[in-house]
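Chains W and G supply the protein sequences, listed in that same order.
Residue 392 is where the first sequence ends in our numbering, and the numbering goes up by one at each step.
Residue 110 is where the second sequence ends in our numbering, and the numbering goes up by one at each step.
For each residue, glycine too, the CB sits at the ideal point set by N, CA and C.
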Amino acid sequence: MPEVKNRQAVTGAQAIANAMRQINPDVVAAYPITPQTPVVEYFAQYVADGVVDTEMIPVESEHSAMSAVVGAAAAGARAMTATAANGLALMHEIVYIAASSRLPIVMPVANRALSGPINIHCDHSDAMAERDSGWIQLWAENAQEAYDLTLIALRLGEHEDVRLPVMINFDGFIISHGVEVVDFLDDEVVKKFVGEPKVKYPLLDVDNPVTYGPLDLYDYYFEHKRQQIEAMKHVERVYKEIVDEFEKISGRRYDIFDKYMVDDAEYIMIALGSTAGTIKYTVDLLREQGHKVGIVKPWVFRPFLKKELQEVLNGRKAVIVLDRSASFGAEAPLYEAVKSALFNVENKPLIGSYVYGLGGRDIKVEYIKQAFEDAFAGNLNPDEERYLGLRE
Amino acid sequence: MAELKNWKELPIGGVIDKPATAKEYQTGTWRVIRPIYQAENCIHCMFCWLYCPDQAVEIEVVDGKPKMKGFNYYYCKGCGLCANVCPKTNDKLPEEKRAIVMKPETEFQE
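Below you can see the structure in the form of structure tokens.
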């Protein structure tokens, strides 16, 4: 384990802004939106203080922010932005264009409930609305992971076999504004890890002129979509290479899935983001009472790499999936993905779907226990969606 | 028409990785009306060459002056802009007096 030299108590927003300072991107274009605002605020201070070389563009909307970083990335710049909720929704059109133009933009998203009614607190509806946009989605449990995944995201997106934008999801307020202890890497170590920007078809290379965003009709659009599908297939291999390298410089291990107490677990809960921390605590409590429980948390949600998940879940008694967003009239996004993955599993576990925490509703240990207890009693119905912390 | 490439052969991101690839695009297949050039009525004003939205008007330079040569039907989409801007072509003139006559493409099918 490398020696920790720089341990600080910071918010998740500060941790991400510090990662951005260490990356020193060529261009950052952003528009403030709660709870993303402090990320850009802290970073703007670095720009004002002259500690980064970044061209900071204070744009008039998120649509413009994403458009500006698309232009910058096409030019060959290392470009970043950050947003949340309605800001991400306003970006939506250009979010797809960033992915289909194969521009490795890195964007932390402070997950917040989409309006309406208007709400500024955490849920995952913003990111889930972009899950089919062609962006890689990484999900952080805490400020440390948000910092680490931002650095990993940069390498992953720029890799020549990937060339895709990457979203780092970190729960609004819970991670963005909560103060935690974070171990930062040395500036020089990060500089070496991220390396020089790896560019492809840069517009600024005037000796090799290229056209971005041409009309692409029935004769070629389908082929370009197939290329995006292929790029997502390369993510697993490239991610594993990068996290191996990251472990060597940080001592911290990131896999496709974070697996806690799963080796002998009969009951496994699956959840994204900060709630995984509360589940780990609950798992410890239930283990003390003799229950064989564990948790699997996807660090990578898009692409959804189900092979490893199938191996982990095969033969368990029950799997409980917690979603912090709903899919109105259909199954919740994470549950749908997990349930689909289980179709080919030899010994299928019982499975149940629980939606929780919409609009920042607290997720309590008692709620998590309640879902586990349903599983212990065999009281799970794969076609029934249940709700934790809702007044029925 | 250039041969259609498969997804493994294409540059990623819909990028066109070299300039002037429009030269390979046979837009002439879109044409439903065809401009016919009648050189004896042409005053070589170059309006048709200037207004043509593609590269379908062929010219040559003779004694330092541009001369209309005719239409390139590989590119001509049959939009009729050339006939519309031609000062020697209008509906009141009999066809044999016009510099450009627009004719249905069906007349040229075998």
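Proximal residues of chain G, C-beta to C-beta of residue i below 9 angstroms
i, result
"Tyr201/W", "Pro11, Ile12, Gly13, Val15 and Asp17"
"Asp216/W", "Gly14"
"Arg163/W", "Ile12 and Gly13"
For residue i, the three-state DSSP class (helix, strand or coil)
i, result
"Lys103/G", "strand"
"Leu388/W", "strand"
"Met80/W", "strand"
"Trp111/G", "Because chain G in this structure spans residues 1 to 110, residue 111/G falls outside the shown range and cannot be described."
"Trp135/W", "coil"
"Pro333/W", "helix"
"Phe304/W", "coil"
"Asn18/W", "helix"
"Tyr356/W", "strand"
"Asp53/W", "coil"
"Asp323/W", "strand"
"Asp216/W", "coil"
"Asn84/G", "helix"
"His124/W", "coil"
"Pro38/W", "helix"
"Lys192/W", "helix"
"Asn344/W", "helix"
"Lys240/W", "helix"
"Arg252/W", "coil"
"Thr89/G", "coil"
"Gly378/W", "coil"
"Arg287/W", "helix"
"Ile43/G", "coil"
"Asp395/W", "This structure gives no information on residue 395/W, because the portion of chain W shown stretches from 1 to 392."
Minimum C-alpha distance to residue i - residue among the options
i, options, result
"Tyr42/W", "Val27/W, Phe343/W, Gln14/W and Val51/W", "Gln14/W"
"Leu272/W", "Ala332/W, Phe301/W and Asp374/W", "Phe301/W"
"His291/W", "Val283/W, Lys297/W and Pro298/W", "Val283/W"
"Ser38/W", "Arg102/W, Thr81/W and Ala72/W", "Here residue 38/W is Pro; the residue named in the question, Ser, does not match the sequence. Nearest of Arg102/W, Thr81/W and Ala72/W to Pro38/W, Cα basis: Thr81/W."
"Asn24/W", "Val52/W, Pro35/W, Arg7/W and Ile270/W", "Val52/W"
"Arg391/W", "Tyr356/W, Ala377/W and Asp186/W", "Tyr356/W"
"Asn72/G", "Thr21/G, Thr27/G and Asp17/G", "Thr27/G"
"Leu313/W", "Leu285/W, Arg163/W, Gln289/W and Phe257/W", "Phe257/W"
"Tyr147/W", "Ala110/W, Ala231/W, Asn208/W and Arg131/W", "Ala110/W"
"Asp132/W", "Ile368/W, Leu151/W, Tyr354/W and Glu93/W", "Glu93/W"
"Leu103/W", "Ile295/W, Met128/W, Ile279/W and Val70/W", "Val70/W"
"Ala129/W", "Ala84/W, Ser67/W and Pro165/W", "Ala84/W"
"Val293/W", "Glu346/W, Arg226/W, Asp374/W and Glu230/W", "Asp374/W"
"Lys67/G", "Leu50/G, His44/G, Pro104/G and Lys97/G", "His44/G"
"Asp26/W", "Asp383/W, Ile16/W, Ala79/W and Ser327/W", "Ala79/W"
"Glu188/W", "Ile136/W, Pro32/W, Tyr31/W and Lys5/W", "Lys5/W"
"Val85/G", "Glu110/G, Cys52/G, Phe108/G and Pro94/G", "Cys52/G"
Beta-carbon neighbours of residue i, restricted to chain G and to distances below 7 angstroms
i, result
"Arg226/W", "Trp7"
"Arg102/W", "Ile12 and Gly13"
"Val210/W", "Val15, Ile16 and Asp17"
"Gly158/W", "Reading off the sequence shown, one finds Glu at residue 158/W, where the question assumed Gly. Result: empty, since nearest Cβ-Cβ is about 13 angstroms, beyond 7 angstroms."
Under 7 angstroms from the C-beta of residue i: neighbouring residues of chain W
i, result
"Leu4/G", "Asp219"
Residue(s) in a DSSP beta bridge with residue i
i, result
"Glu60/G", "Lys67/G"
"Pro58/W", "Ala30/W"
"Glu180/W", "Val10/W"
"Ala371/W", "Ala371/W is not bridged to any residue."
"Thr211/W", "Ile16/G"
"Val106/W", "Met80/W and Val166/W"
"Ala318/W", "Tyr267/W and Leu350/W"
"Pro298/W", "Phe257/W"
"Val293/W", "Tyr267/W"
"Ile36/G", "Val101/G"
"Asn424/W", "With chain W covering only 1 through 392, there is no way to say anything about residue 424/W."
Proximal residues of chain G, C-beta to C-beta of residue i below 8 angstroms
i, result
"Gly213/W", "Gly14"
"Glu223/W", "Lys5, Asn6, Trp7 and Leu10"
Residue i: CB within 7 angstroms of a non-hydrogen atom of the ligand SAM
i, result
"Leu154/W", "No copy of the ligand SAM occurs in the structure displayed, which carries no ligand at all."
*Is the stretch 110 to 120 of chain W touching the stretch 155 to 162 of chain W in the sense that three or more CB pairs, one from each, lie closer than 8 angstroms?*
Because the criterion of three Cβ pairs below 8 angstroms is not met, the stretch 155 to 162 of chain W and the stretch 110 to 120 of chain W do not touch.
*Are the stretch 137 to 153 of chain W and the stretch 179 to 195 of chain W touching, with three or more C-beta to C-beta distances below 8 angstroms?*
The answer is yes - the stretch 179 to 195 of chain W touches the stretch 137 to 153 of chain W, with three or more Cβ pairs under 8 angstroms.
*Does the stretch 362 to 377 of chain W come close enough to the stretch 248 to 256 of chain W to have 3 or more Cβ pairs within less than 8 angstroms?*
Result no; under three Cβ-Cβ pairs closer than 8 angstroms.
*Given 8 angstroms, three or more beta-carbon pairs between the stretch 339 to 349 of chain W and the stretch 302 to 320 of chain W*: At 8 angstroms Cβ cutoff, the stretches touch.
*Can we say the stretch 57 to 66 of chain G touches the stretch 373 to 389 of chain W, given the rule of at least three CB pairs closer than 8 angstroms?*
Fewer than three beta-carbon pairs drawn from the stretch 57 to 66 of chain G and the stretch 373 to 389 of chain W are found closer than 8 angstroms, and the two stretches are therefore not classed as touching.
*asked:* Using a Cβ distance threshold of 8 angstroms, determine whether the stretch 13 to 24 of chain G contacts the stretch 211 to 227 of chain W, with at least three qualifying pairs required.
replied: They touch, by the three-pair rule.
*Within the chosen definition, does the stretch 56 to 63 of chain W reach the stretch 219 to 229 of chain W through at least 3 CB pairs nearer than 8 angstroms?*
Of all C-beta pairs linking the stretch 56 to 63 of chain W to the stretch 219 to 229 of chain W, fewer than three are shorter than 8 angstroms, placing the two stretches out of contact.
*Are there three or more Cβ pairs, one per stretch, closer than 8 angstroms when the stretch 259 to 277 of chain W is compared with the stretch 200 to 210 of chain W?*
The way I'd put it, the stretch 259 to 277 of chain W doesn't touch the stretch 200 to 210 of chain W; fewer than three beta-carbon pairs between them come closer than 8 angstroms.
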